[in-house]
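Enquirer:
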Amino acid sequence: MIRRLLAAAIGVFAMTTAAEAAQPKWAIVVHGGAGVIERSDLTPEQDAAYRAAMSRVTKAGADVLERGGSALDAIEATIHMLEDDPLFNAGRGAVFTAEGRNELDAAIMDGATLKAGAVGGLTRTRHPISAARAVMNKSPHVFLIGSGADAFAATQGLEQVDPAYFFTERRWRSLGKALKAQGLPMPQRPAGAPLASDAAAALAHDEGKYGTVGVVALDASGRVAAGTSTGGTTGKRWGRVGDSPVIGAGTYANAACAVSATGTGEYFIRLTVAREICALVEYKGLSLQAAADQVIQKELTALGGDGGIIAVAPTGEMAWSFNTSGMYRARAAEGQALTVGIYKNDP
Ligand code: ASP
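Numbering follows the working numbering, in which position 154 of the sequence shown is assigned residue number 167; successive positions increment by one, without gaps.
1. How would you call D175, buried or exposed, if buried means at least 16 neighbouring beta carbons within 10 angstroms?
2. Buried or exposed: where does P258 fall if 16 or more other Cβ atoms within 10 Å of its Cβ makes it buried?
3. What does a CB cutoff of less than 6 angstroms around R7 pick up in its chain, not counting 5 residues either side in sequence?
4. What are the partner residues of A119, as DSSP defines its beta bridges?
5. Cutting at 7 angstroms between CB atoms, please list the residues of its own chain near A350, excluding the five before and the five after it.
6. If you measure between the beta carbons of T275 and G227, is that distance less than 9 angstroms?
7. Using the three-state DSSP reduction, which class does V77 fall into: helix, strand or coil?
8. Quick check: the Cα distance between E116 and P198, rounded to an integer number of angstroms?
9. Does the beta-carbon distance from A84 to R236 come in below 9 angstroms?
10. Taking only three categories from DSSP, how would you classify H154?
11. Decide if L127 is buried, meaning its Cβ has at least 16 other Cβ atoms within 10 Å, or exposed.
12. At 4 residues or longer, what runs of the alpha helix (DSSP H) sit wholly inside the segment 283-355?
13. Pick from G318, S300, F179 and Q302: whose alpha carbon is nearest that of I282?
14. Whose CA, out of A191, T71 and I50, lies closest to the CA of K249?
15. Return the residue from the list M67, A262 and G263 that minimises the CA-CA distance to F101.
16. In whole angstroms, give me the CA-to-CA distance for A145 and T246.
17. Three or more C-beta pairs under 8 angstroms: does that hold for the segment 71-87 against the segment 198-208?
18. I'd like the list of long-range same chain contacts for H140, defined as Cβ closer than 6 angstroms, with 5 residues on each side in sequence excluded.
19. Can you tell me whether W251 is buried or exposed? The criterion is at least 16 other CB atoms within 10 Å of its CB, across all chains shown.
20. Kindly indicate which three-state DSSP category Q59 falls into: helix, strand or coil?
21. From A75, Y265 and G224, pick the residue whose C-alpha is nearest to that of T337; which is it?
22. Does the distance from the CB of A326 to the CB of I88 come in under 9 angstroms?
23. Tell me the DSSP bridge mates of S273?
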């Protein structure tokens, strides 16, 4: 009798765990940058604007995956929207260099094939993530920079814009503050910069230096991929490029996991953060969350770096980890509700 009861109990337990562990066919995680983002810093309007934007773009990416689209398609579609949204430091709304320019970096990587494309220092291509994807698919190279990268994007039919298109008043003011703090002169306002910022840009929160965007996704064919797009860090100089377009640092995907990062690029490059997380999953058998926490909470923190990552695995496991006070983030998966977070203690 006892044995039968025990067998029944084990049966129920096995059924529950199987149901709980049911792998979602698709999953998507999005970040909109990490930094000094305290609940007390954001007005209710800013809080609502960021939550609405994160939820809208994540839903759009989830729709691509739900319809059977590839992880790469979902990433490109989602990042397009973030690049067009002046709330985020990517595309329009990007931060300024010390010389008063917007220099844009992006990368994309396909975990199944290890194909990757990256661009650095674009000034004319409206959607840097599409330029990165074109480098991956249509060129023999992995990483293109500067005017050559813009020229290549143009030959691929990607929309070119006047550099003033990326200008926002908010980011211009942030540059003023950053340069003043370093005792550096303020450059001339860029030619063609609009005189008044639009209402959406006025809601943007100055999260310190960051605000990069990134997306990782798992599609119905079991492939994972990662993409990241950024204006880099406010007041960057001398052609500085951060981790976002550096494969293995700010962006990485292989058969075991996909990662996109945001934070002080210099530290992420030195720790090869994205690749390190995937290596811990692959070689040490850590769960995605444990691997992410090991690298962000321990290694990055010990080195004095700040920022965070999002990650996804072919099992449908999703993770995020950050050591800053906040990170704009959202996730969704087949059969799971979309969740959005900003501050540390958000769910
Ligand atoms: N990681 C980016 C960079 O260093 C900045 C960011 O995440 O906002 O260029």
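Where is the CB? At the ideal position from N, CA and C, for every residue including glycine.
Computed from a predicted structure; not experimentally measured.
Expert: By the coordinates alone:
1. In the sequence shown, residue 175 corresponds to position 162, counting from 1. When all chains shown are included, D175 counts as exposed.
2. On the sequence shown, position 245 is the one that residue 258 refers to. With 16 or more other Cβ atoms within 10 Å, it is buried.
3. Examination of residue 7 is not possible in this model, given that the chain is present from 14 through 360 alone.
4. As a position in the sequence shown, residue 119 is number 106, starting the count at 1. According to DSSP, which records beta bridges pairwise, A119 is partnered with V132 and S242.
5. Counting from one through the sequence shown, the residue named residue 350 turns up at place 337. None.
6. By 1-based counting over the sequence shown, the position of residue 275 is 262. By 1-based counting over the sequence shown, the position of residue 227 is 214. Result yes, Cβ atoms of T275 and G227 sit closer than 9 angstroms.
7. In the sequence shown, residue 77 corresponds to position 64, counting from 1. Looking at V77 - three-state DSSP - the assignment turns out to be helix.
8. Taking the sequence shown and counting its residues from 1, the one referred to as residue 116 is at position 103. Taking the sequence shown and counting its residues from 1, the one referred to as residue 198 is at position 185. Cα-Cα distance, rounded: 19 angstroms.
9. As a working note, residue 84 is residue 71 in the sequence shown. As a working note, residue 236 is residue 223 in the sequence shown. Result yes, Cβ atoms of A84 and R236 sit closer than 9 angstroms.
10. Numbered from 1 along the sequence shown, position 141 holds the residue referred to as residue 154. H154 falls in the coil class under three-state DSSP.
11. The residue given as residue 127 occupies position 114 in the sequence shown. It is exposed - the Cβ of L127 has fewer than 16 other Cβ atoms within 10 Å.
12. 286-297 and 301-306
13. On the sequence shown, residue 282 is found 269 positions in, with the first residue counted as 1. The residue with the shortest Cα to Cα distance from I282 is G318.
14. Walking along the sequence shown from the start, residue 249 turns up at place 236. Residue A191 is the option with its Cα nearest to K249.
15. Numbered from 1 along the sequence shown, position 88 holds the residue referred to as residue 101. Ranking M67, A262 and G263 by Cα distance to F101 puts M67 first.
16. Reading the sequence shown from its first residue, position 132 is the one you call residue 145. Reading the sequence shown from its first residue, position 233 is the one you call residue 246. Those two C-alpha atoms are separated by around 19 angstroms.
17. The segment 71-87 is not in contact with the segment 198-208.
18. Reading the sequence shown from its first residue, position 127 is the one you call residue 140. Excluding residues within five positions, the ones whose Cβ falls inside 6 angstroms are H93 and E96.
19. For this step, residue 251 is matched to residue 238 along the sequence shown. Exposed: under 16 other Cβ atoms inside 10 Å.
20. In the sequence shown, the residue the question calls residue 59 occupies position 46. DSSP, reduced to helix, strand and coil, places Q59 within a helical segment of the structure shown.
21. Translated into positions along the sequence shown, residue 337 becomes position 324. Looking at the Cα atoms, G224 is the closest of the given residues.
22. Your numbering for residue 326 matches position 313 in the sequence shown. Your numbering for residue 88 matches position 75 in the sequence shown. No.
23. Here residue 273 is taken as the residue at index 260 of the sequence shown, counted from 1. According to DSSP, S273 bridges with T264 and I323.
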